[in-house]
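Undergrad: Under our numbering, the very last position in the sequence shown is 733; numbers go up by exactly one each time. Just so you know, even glycine gets a beta-carbon here, dropped at the ideal spot from N, CA and C.
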Amino acid sequence: MANQTSKNSIAISRETVQKRGGMVILPLEEYERMKEDLEMIRSKKLPKEIERARREAKERKTMRLEEVEKKLKM
């Protein structure tokens, strides 16, 4: 059976779904966000950045939001 589209619906044959191992339909914005998250997770720098941030927080080398806003004149 061929895949079909109409104004308000999409029909995808069971054969197509099985051949591709399943399908997921989600809003484009959510898909783009997931792609960005995946790129960050795959980043070689991310684990080092997280480690540094945790160390700085533990050593109290952080600033309160109010301090940042004042420094940036927000």
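1) Alpha helix (DSSP H) containing M699: first to last residue?
2) To the nearest angstrom, report how far apart M682 and Y690 are at their CA atoms.
3) For K707, report the span of its alpha helix (DSSP H) as first-last.
4) The ligand PLP and E689: does the residue's C-beta get closer than 7 Å to at least one heavy atom of that ligand?
5) Considering only their Cβ atoms, is the gap separating T721 from E715 smaller than 8 Å?
TA: The answer reads as follows:
1) 687–701
2) 13 Å
3) 705–717
4) Summarising the ligand content, the structure contains no ligands, and the ligand PLP is consequently not present.
5) yes
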